[in-house]
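Quick notes on the structure that follows.
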Amino acid sequence: MAARNYNIPELRRLDVEHHLPAQANYAELQRIGGSRIITRAEGSTIYDGEGNAILDGMAGLWCVNVGYGREELVRAAAEQMQELPFYNTFFKTATPPTVMLAAKLAEKLGGKLQHVFFNASGSEANDTVMRLVRYYWSLKGEPKRTVFISRRNAYHGSTMAGASLGGMAHMHPIGGLPIPGIEHVAQPYKFNEGFNEDEEAFGARVAQEIEDRIIKVGPENVAAFIGEVVQGAGGVIIPPKGYWKRVEAICEKYGILLVVDEVITGFGRLGEWFGFQHFGVTPDLVPMAKGLSSGYLPISAVGVSSDIVKVLRDGNGEFAHGYTYSGHPVAAAVALKNIEIIEREGLVERVKNDAGPYFAEALKRLEGDPLVGEVRSLGLIGAVEIVAKKGTNERFTGKEGKAGPIVRDTCIKNGLMVRGIRDSVVMCPPLIITHAEIDRMIDIIGRSLREAE
Ligand code: PLP
1 MAARNYNIPE
11 LRRLDVEHHL
21 PAQANYAELQ
31 RIGGSRIITR
41 AEGSTIYDGE
51 GNAILDGMAG
61 LWCVNVGYGR
71 EELVRAAAEQ
81 MQELPFYNTF
91 FKTATPPTVM
101 LAAKLAEKLG
111 GKLQHVFFNA
121 SGSEANDTVM
131 RLVRYYWSLK
141 GEPKRTVFIS
151 RRNAYHGSTM
161 AGASLGGMAH
171 MHPIGGLPIP
181 GIEHVAQPYK
191 FNEGFNEDEE
201 AFGARVAQEI
211 EDRIIKVGPE
221 NVAAFIGEVV
231 QGAGGVIIPP
241 KGYWKRVEAI
251 CEKYGILLVV
261 DEVITGFGRL
271 GEWFGFQHFG
281 VTPDLVPMAK
291 GLSSGYLPIS
301 AVGVSSDIVK
311 VLRDGNGEFA
321 HGYTYSGHPV
331 AAAVALKNIE
341 IIEREGLVER
351 VKNDAGPYFA
361 EALKRLEGDP
371 LVGEVRSLGL
381 IGAVEIVAKK
391 GTNERFTGKE
401 GKAGPIVRDT
411 CIKNGLMVRG
421 IRDSVVMCPP
431 LIITHAEIDR
441 MIDIIGRSLR
451 EAE
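With full-length UniProt numbering, the residue at position 361 of the sequence shown is 361, and numbering never jumps.
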C-alpha cells in the first residue's frame, strides 16, 4: 500500500493540544513539541513521519510477534467484520471465532488449562484473575483467602488491580495504590540484588521470601501468587535456575493458586508457546495478551484450570464479571489467524532453535564494552546492563536520568527502537527478525553505547 501523506508538524501540534498519550510526562511532551509520529511499518521496520526507517527492536510494545504488514490478518479482520462485526458473550451467546479461539488456546496451554476467559487487554486479564480467584475461594468455603502475593518491580498492568498487583513503586502513589490485599516480595533480579551470590542460592533465597510472607500473612489468608515468567517492563529479568520450580512447590505446599502472567512471554517469545512450558511448571491461571493477536487488535485471555472451573460449576452461581469486548469476534478471528501463521511458519521453533540462539551469541559481542556489566536473553527477549565500573554492578549517577533511557535515545537516532529501563537497554523484537537485523540491532547498541558515554 502506498504510504499516505500526513502533515506531520500539524499532527504533532494536535498531539500536544489534544492528545494525552499513555504513561507520559505531559510537560516533557509539550517541551519537545509532541510525540514522534509512527506512520507505517513492514516486517520488523517502523517508519516515522520524518521518513526515518527504524528497526523495531521492541515489536511495538512487546507484541508484534509475527511482524508488521501481514495481509492475512487484514483479510481475517475484514471478512469477520463483514459477516459479524460484533456480538457479545453476555447472556448465553457466543460467536464462532470466540469459541474456536478458546479451543485453540486450550490446545496450546495443554494439561488442566482447558478453559479460557476473554478480555481486551493484559490489565483487564489480571483484573479478571483477581476477581475469579477470590470468587473461587469464596465458593470453596475459604472466603478469607483473599491475599495475592506479587513481586516488587513486577508489571501486571495499569488498571487499579493491575497496577496494584504490579510492584512498580512509582506507579503506586498515582491513584492511591496498591489496593488492599496485595503483598510484594523480592524479585529474582540477580544482577541488581544478588550480584555476588551463587545463582541457585539466590533463586532459593528469593523464593524463600515468598514462603516467609505466606507464613507471616497466614496461609489460610493467601489466595494466589502471581508472577511474570520473565519480568518484561521491570527490565527483562530472567529468573535464576530452579526459581520457578521452588515457587510452584511453595504454592502446592500451602494450597495457593499459581498465576503465571504470560502477557509478554506467550506465543513463542521464549521458544515455547508459553513461558511456563520452558520452566516446566503448571500454573492454575495464565493471563495472556499481546502476542495473542500480535497486537493487530486488542484482545487478551485468561487460561483457567479445570479444577477451578469445576468449583465454579459446582457453585452454580453467576460469575458477575466481564467486558463488552470479552471475546470480540473480529479480534478473535485475527488471533486465530495469527496463531495459524505462527504454526505454519514454525516461529516458536525458530525462536528456540535458530533466532534465539543467534540473538544470544550476537549479544555476547557487547560483553567486552567497558559500559556493559551483563548481557542476558532467553528466546527473543534480552537486556544489556549498563554499569559505571566494569566488573561491578555500580551504576552511573550524576547524569540527567538513568543510563538506559540515554542510550535508548541514541539508539533511536541511529535507527533502532529499544527501551531504556533504569540502567538497562532491553529488546524484544518480532519473532521473524532476520539474522542480519539481529546483527544490526547489536551493532547499533554497541555504537550507541560509545556515543552516549
Ligand atoms: N502483564 C504484563 C506482564 C505486561 O507486560 C503488561 C503490559 O505490558 C500487562 C500485563 C498489561 O497489559 P495491557 O497493557 O495490555 O493492559
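By construction, the Cβ of each residue, glycine as well, lies at the ideal position given by its N, Cα and C atoms. On a predicted model such as this, the values are computed, not experimentally measured, just so you know.
If you run the structure through DSSP and keep just helix, strand and coil, what is residue 504? Because the chain here runs from 1 to 453, residue 504 falls outside it and cannot be looked at.
Residues in its own chain within less than 6 Å of Met130 by CB, not counting five upstream and five downstream? Ala161
Identify which residue in Val375, Ala59, Val304, Ile149 has its Cα closest to the Cα of Lys364. Val375
Please confirm if the segment 353-371 is in contact with the segment 210-219, defined as three or more CB-CB distances below 8 Å between the two stretches. No contact exists between the segment 353-371 and the segment 210-219.
Relative to the alpha-carbon of Pro143, which residue among Arg134, Ser150, Ile149, Arg151 has its alpha-carbon at the smallest distance? Arg134
Examine the ligand PLP and report whether any of its heavy atoms sits within less than 7 Å of the Cβ of Glu228. yes
Cβ-based neighbour list, Arg36, same chain, cut-off 6 Å, excluding 5 preceding and 5 following: If we look at Arg36 and ignore the five residues flanking it on each side, its Cβ neighbours are Asp48.
Contact under 8 Å by Cβ, Ser448 with Thr89: no
Does the Cβ of Tyr87 lie closer than 7 Å to at least one heavy atom of the ligand PLP? no
Fully enclosed by the segment 360-436, which beta strand (DSSP E) runs are 3 residues long or longer? Runs of the beta strand (DSSP E) inside the segment 360-436: 372-378, 381-386, 419-421, 424-427.
May I ask you to list the residues that DSSP assigns as paired with Gln231? Ile237
In or out: Asn126 buried (at least 16 other Cβ within 10 Å) or exposed? Residue environment: Asn126 is assigned as buried (16 or more neighbouring CB atoms within 10 Å of its CB, all protein chains considered).
Closest to Leu431 by CA distance: which of Glu349, Gly368, Ala102 is it? Glu349
Ile32 classed as buried or exposed, judged by whether at least 16 other C-beta atoms fall within 10 angstroms: exposed
Give me the Cα-Cα distance between Phe274 and Pro9, rounded to the nearest whole angstrom. Looking at the backbone, the Cα of Phe274 and that of Pro9 are separated by about 42 Å.
Hey, would you say the C-beta of Ala383 is under 7 Å away from at least one heavy atom of the ligand PLP? no
Since Ala224 sits in a beta bridge, which residues does DSSP pair it with? Paired residue(s): Phe148, Leu257.
Residue from Lys92, Lys112, Asn119 with nearest C-alpha to Ala101: Looking at the sequence shown, residue 101 is not Ala but Leu. Closest by C-alpha distance to Leu101, out of Lys92, Lys112, Asn119, is Asn119.
Own chain partners of Phe267 with C-beta closer than 7 Å, once the 5 adjacent residues on each side are dropped: Asn65, Trp273, Gly291, Leu292, Ile342
So, are the CB atoms of Ile256 and Val311 less than 8 Å apart? Val311 sits away from Ile256, with the two beta carbons spaced by 8 Å or more.
DSSP beta-bridge partners for Met288? Ala301
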